[in-house]
Amino acid sequence: MRGRLIGTLLVILGLWWPAQTAQATANDWKNAMAKAPQGVRLENIFVKGTTPNNHAAVHRGTNAETPDTDVVTVTNDKGQFGAIWSTDENAFDLNKDAQVSMWMYFGQDREKAADGMALVLQNDDRGIQASPTFTAETAGETLGVWGVDRNQWQNSPVAIAKSAIQNSWALEFDTHSNTGGNPGMADSFDRDLGTQARNVPHIGANYPGDPGTYYIRSPYLGLSGRFYTVMKHTGVIQGYRYTNDLLSDGAWHHVTLKWNARTHQVTYWFDDKDPDTGSHNDTNVVRSASVTLDPEKVDPYHTGKVRWGFTGATGDQGGNNLVVFEGVPGLVSADAAATLTNRQTGQTVENGGDLIGQTPVELTYQLNYRGGKQVWRDIEAQLTLPKLVEWTQADITYNDGTPATTIDLAGLSGNALTYHLKKVLRDGTPNQATLRFAGRTQDVTTATDAINQHSVFKAANGVATTRTPAFKVHPRLDLQLTTDATRYQVRRDEDPYITGQVRAGKGSLKNVKLTLVTRVNGQRIGDTPVGDDGRVRYTLANRVLKAGSNQVTLQVQDGFGNQSEPITVTVDVTGGLSFATVASQSSFKTTTLTGKSQRIGRENDWRVRVQDTRKLGERWSLQVSATPFKTAGGQRLAGELVFREANRTQPITEQPLTIQRGSAGKDAVTDAIAGWNQDQGLELAVNGAAESGVYRGEITWTLADVPT
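Quick note, the sequence shown lines up with residues -24 to -1, 1 to 684 if you use mature numbering (1 follows the signal peptide of the UniProt record, and there is no 0).
Here you go:
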């Protein structure tokens, strides 16, 4: 009885396990469909391959947030082959730069996943009937495109290549590492990746129909006459060791592939968009690689076109392998960009930027149609506007000269809004639409983050996505700055120490990061941090001060737009004797020579001012000297510079002559030439032999401290 019971249990368990696995795969498929990201409709763009055993199918996604999205199920069980191909009209043009983007799902079975998919470019003569030449069983390691290694006696890479899709290039997403090395078992393609590749998923590329992609190995040094095939991988992106987090992890993964027609370079990015938001990933999770594609190997007839699509295959294990097409080359090329602007400053708010409450802002979404075989029509904008902003008005403009149309914000639910564009974007105009939203940031009491928000602009033939920058809204503070004094007096060698207090009205200064901005006599000289207590303790360097009175303007800012009203204090610097002003160039009046002795007076461009901030009664003297006046050619003036005072005239030579004396008084500045007139001061005395010309000389002013 016990033996019979055990035998019955074994039979029951043996039947129940496959059923349980199939149910798990079915549930996983339903979950993937319910979370399918935004994609395009595939009618007249892709068709199912006509190979009799093709299990690929197109289904409408069940995600309510991404309606009208077609999902391709390439495989979803064991022992399957699947393929979907572009129509003739939507072939890949090798003569033009192109970009392909899609979302891919590889199931949730991690190290037990099977077997993956491949993005394929091909010019196989069988067209949409192209597939590997399978024997009795489908080989999962082919991924529906590579050669078939089911013959243990096969030692020719040419024969292996002939069993693949011909005139093709494939980018594989391999969830099952085939490193067995047993002849005839189709389980050895990935042995070229090394021992670390065991149980590790990978992405790689090569030419399935090229014998150079394969090489033959034998586990018995060739003595048995039995062989297995290894595939050469290029442009490899590999998962982490002993884990399967690269592909089959129960999540949708975004892939972008770009073709450079000039360099023949193919570059692909994996996980470059977040599956939950659809926004671009900026983190190091994005992985990429580049390879060179030889057009001769995929386009031997030089048509300039290749068919493209996805293939997949499974062997003893099954799994879900799904694709959602987001961007189809040549159909509609379009993009979108979101820009947030601080209308108060006119500056763009960058990602991670700062704003303060009650700041007027403007958000623009710009849609650009770059070209394609079809116009971009029936565009639905599914917008998620930034939070922490009260949006008050919106409109849309097209670049065809028509007036802006108001967008009704009554349909705004939270921060979500759906808007249907009324016009088609096409070649010519309009090929651009701009949605503009105006509002004002909310008045917050503590610094609050507004995260990136993702928006989608979708139509049946094209999708564009963008996101707004993340930013932080800071409280609007009523900053008030006061100083403990309005006038400071220091000696010439002394640094003034200015103290004061910053207050924020009802707000808090904690973690505000205040800065004191200082201007001396109108010139900004530097910024100084202020602590959380708001106390101003500022030592002003005396080197930026002039002797006498200085106007020092102080203002506090927090870097987010909050600032106090500027206040001005006076700093008097005493104990110095210096020139306040000296003209760098002065001149005498242009005179017509008469052949007789003449006096030539000054123009009005003479400036000599003495500043004395020493104690009252300190004396000084002003001296002048000059070089001989000459023309540019070296001709010396027949005359001299003289100083006239009353009835006395003294020549000015290269030896300093004292022409004025003074002392420190209530007025710190003395204008040394204020009392000069036509009969007093410096003038030129020329004699009758003087010749016409432009004469120049150098005048030196010397200010001397006279002992009392």
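Glycine included, each C-beta is placed from N, C-alpha and C at the ideal position.
- In the structure shown, the three-state DSSP call for ALA140 is coil.
- With distances taken between CA atoms, ASN375 lies nearest to ASN344 out of THR475, ASN296, ASN344.
- C-alpha of THR646 to C-alpha of VAL466: approximately 21 Å in a straight line.
- In the DSSP annotation of this structure, the continuous segment of the alpha helix (DSSP H) that includes GLU272 starts and ends at 271 to 274.
- In this structure, MET161 and THR287 do not form a Cβ contact; the two beta carbons are roughly 21 Å apart against a cut-off of 8 Å.
- In the structure shown, ASN428 falls within a coil segment according to DSSP collapsed to helix, strand and coil.
- If the five residues before and after PRO43 are omitted, its C-beta is found closer than 6 Å to no C-beta atom of its own chain.
- In this structure, LYS522 sits near VAL549, with a CB-CB distance shorter than 8 Å.
- Taking C-alpha positions only, ALA370 is separated from GLN14 by approximately 25 Å.
- Between ALA312 and TYR341, the beta carbon gap of about 6 Å places them in contact (Cβ cut-off 8 Å).
- A check of alpha carbon separations from LEU516 across THR475, GLY552, ASP681 identifies THR475 as the nearest.
- A direct Cα-to-Cα measurement between ALA265 and GLY211 gives close to 5 Å.
- About 44 Å separates the CB atoms of GLY641 and LEU569; that is not less than 8 Å, and the two are not in contact.
- Three or more beta-carbon pairs drawn from the stretch 141 to 150 and the stretch 179 to 188 are found closer than 8 Å, and the two stretches are therefore classed as touching.
- In the three-state scheme derived from DSSP, where H, G and I count as helix and E and B as strand, LEU331 is classed as strand.
- Between ASP69 and the set GLY280, LEU339, ARG319, the nearest pair of CA atoms involves GLY280.
- Listed in chain order, the non-local C-beta contacts of GLN358 below 6 Å within the same chain comprise THR394, VAL432, local neighbours out to five positions each way being set aside.
- The straight-line gap separating the alpha-carbon atoms of ASP73 and HIS240 is approximately 9 Å.
- Listed in chain order, the beta strand (DSSP E) runs fully inside the stretch 165 to 196 are 178 to 182, 190 to 193, counting runs of at least 3 residues.
- If the five residues before and after LYS489 are omitted, its C-beta is found closer than 8 Å to the C-beta atoms of PRO505, ASP534, GLY535, all from its own chain and listed in chain order.
- Taking LEU307 as the centre and dropping the five residues before and after it, the same chain places the C-beta of ILE21, ASN66, GLY348, LYS349, GLN350, ASN437, GLY438 closer than 7 Å to its C-beta, in chain order.
- ILE355 is the residue among ILE355, ASN391, PHE110 whose C-alpha sits nearest the C-alpha of GLN408.
- Taking the Cα positions, ASP166 is about 17 Å away from GLN128.
- Per DSSP, the beta-bridge partners of SER389 are ALA392.
- With respect to the 8 Å criterion, PHE447 and GLY329 are classified as neighbours on the basis of their beta carbons.
- In this structure, PRO159 keeps its C-beta atom at 8 Å or more from the C-beta atom of TYR191.
- Contact between the stretch 568 to 582 and the stretch 492 to 499 is absent: fewer than three C-beta pairs spanning the two stretches fall below 8 Å.
- The DSSP assignment places complete beta strand (DSSP E) segments of no fewer than 3 residues inside the stretch 103 to 155 at 144 to 150, in order along the chain.
- In the DSSP assignment, PHE605 falls outside any beta strand (DSSP E), carrying neither H nor E.
- The beta-carbon separation of GLY25 and SER107, rounded to 7 Å, stays under the 8 Å limit for a contact.
- Per the coordinates, the alpha-carbon of ASP275 lies some 7 Å from the alpha-carbon of VAL282.
- Your pair GLU117 and ASP163 checks out as a contact, with CB atoms roughly 6 Å apart and the cut at 8 Å.
- Assigned with DSSP and collapsed to three states, GLU41 falls in coil, not helix or strand.
- Counting other Cβ atoms within 10 Å of its Cβ, ASN653 stays below 16 and is therefore classed as exposed.
- Under the DSSP assignment, VAL325 falls outside any beta strand (DSSP E); it carries neither an H nor an E label.
- Counting along the chain, ASN297 sits inside the beta strand (DSSP E) bounded by residues 297 to 303.
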